[in-house]
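Okay, structure first, notes after.
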Amino acid sequence: AQTVTQSQPEMSVQEAETVTLSCTYDTSESNYYLFWYKQPPSRQMILVIRQEAYKQQNATENRFSVNFQKAAKSFSLKISDSQLGDTAMYFCAFMKRYGGATNKLIFGTGTLLAVQP
Amino acid sequence: DTAVSQTPKYLVTQMGNDKSIKCEQNLGHDTMYWYKQDSKKFLKIMFSYNNKELIINETVPNRFSPKSPDKAHLNLHINSLELGDSAVYFCASSQGRMIRQAKETQYFGPGTRLLVL
Chain A
1 AQTVTQSQPE MSVQEAETVT LSCTYDTSES NYYLFWYKQP PSRQMILVIR
51 QEAYKQQNAT ENRFSVNFQK AAKSFSLKIS DSQLGDTAMY FCAFMKRYGG
101 ATNKLIFGTG TLLAVQP
Chain B
1001 DTAVSQTPKY LVTQMGNDKS IKCEQNLGHD TMYWYKQDSK KFLKIMFSYN
1051 NKELIINETV PNRFSPKSPD KAHLNLHINS LELGDSAVYF CASSQGRMIR
1101 QAKETQYFGP GTRLLVL
């Protein structure tokens, strides 16, 4: 069974600074996807970034980038130039590749990020 | 235009009642999911459907019965509500005409907060 661990329940960062959220996972699969989802106070689940495990290049989306270390089973999220709107709960999630509709997201417990003005 | 919508957004009810939550997606996706987020913010898959066929049925009490009248809709009916059913329920969808072709990125609805008194 796959597990996802987020060891930082809460983090705080000053506006405009950079913060890194940690995520580790455990799996025997070799083909999979990793995701970071953001859940602001509005409760909406918003996809932040996605990484395919077969790609060595780290994914980036504007101010968001990941550090994917497949051998270490680590998938951290870096937020640059933090903005007040980045305040949210961040969830790391794992999904096996292939399997179609049998796919399910396995979520970590989340990290609550507070961006301070 | 809302991609994945859920009704109602809030639901407060008494123990023992029966209630339904509706989900609709206008993305043309073939696969839909229900996730439950508990009071500690932990998210877990409950069900998935592909073209009206039940694919995933996690260990969920049989008081929970999903129904998919067509591929754009997935409803969740809960019988004999219990205090422990209080949670936020998220609907999600992903592409894929056939079971094994369902794409990996899942798009979430806004969630339904259920409170059982």
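Residue numbers (this note's numbering), protein chains in the order written: chain A, 1 to 117; chain B, 1001 to 1117. Ideal placement from N, C-alpha and C gives every residue a C-beta, glycine not left out.
- Going by C-alpha positions, TYR1107 (chain B) is about 9 Å away from LEU1027 (chain B).
- Leaving aside the five residues that flank THR20 (chain A) on each side, the residues in its chain whose CB is nearer than 6 Å to its CB run, in chain order, SER76 and LYS78.
- Per DSSP, reduced to three states, the secondary structure at LEU105 (chain A) is coil, with no helix or strand assignment.
- Put simply, of B:PRO1069, B:PRO1110 and B:HIS1073 the residue whose alpha carbon is nearest the alpha carbon of VAL1088 (chain B) is B:PRO1110.
- In the three-state scheme derived from DSSP, where H, G and I count as helix and E and B as strand, ASP86 (chain A) is classed as helix.
- Secondary structure at LEU34 (chain A): strand, using DSSP grouped into helix, strand and coil.
- Within the DSSP secondary-structure output, ALA1092 (chain B) pairs in a beta bridge with B:TYR1033 and B:PHE1108.
- Taking 9 Å as the upper bound on Cβ-Cβ separation, chain A lies near residues TYR1035, GLN1037, LYS1040, LYS1041, PHE1042, LEU1043, LYS1044, ILE1045, SER1048, TYR1049 and ASN1050 of the stretch 1035 to 1050 of chain B.
- Less than 8 Å separates the beta-carbon of MET11 (chain A) from that of LEU113 (chain A).
- Within a 10 Å sphere around the beta-carbon of GLN1014 (chain B) sit fewer than 16 other beta-carbons, which makes this residue exposed.
- For TYR1049 (chain B), the enclosing beta strand (DSSP E) has its first and last residue at 1043 to 1050.
- Approximately 5 Å separates the beta-carbon atoms of TYR25 (chain A) and PHE94 (chain A); this is inside 8 Å, confirming the contact.
- In this structure, the beta-carbon distance from TYR1049 (chain B) to PRO1066 (chain B) falls below 8 Å.
- Per DSSP, VAL1060 (chain B) lies in no beta strand (DSSP E) segment and is marked neither H nor E.
- In this structure, TYR1035 (chain B) sits away from ILE1021 (chain B), with a CB-CB distance that is not shorter than 8 Å.
- Assignment of beta-bridge partners to TYR1010 (chain B) by DSSP yields B:ARG1113.
- Residue pairing for GLU1082 (chain B): DSSP places it in no beta bridge.
- Look at THR3 (chain A) here: in three-state DSSP terms it is strand.
- Taking a beta-carbon distance threshold of 8 Å, LYS38 (chain A) does not count as an interface residue toward chain B.
- Counting along the chain, the unbroken beta strand (DSSP E) around CYS1023 (chain B) starts and ends at 1019 to 1025.
- Interface criterion met: the Cβ of PHE91 (chain A) is under 8 Å from a Cβ in chain B.
- Boundaries for GLU17 (chain A): no beta strand (DSSP E) harbours it, and the DSSP string shows neither H nor E there.
- Just measuring C-alpha positions, the residue of A:VAL4, A:PRO117 and A:GLY108 sitting nearest LYS1040 (chain B) is A:GLY108.
- Setting aside the 5 residues that flank it on each side, LEU1114 (chain B) is surrounded in the same chain by LEU1011, ASP1085, SER1086, ALA1087 and TYR1089, each with a C-beta closer than 7 Å to its C-beta; the list follows chain order.
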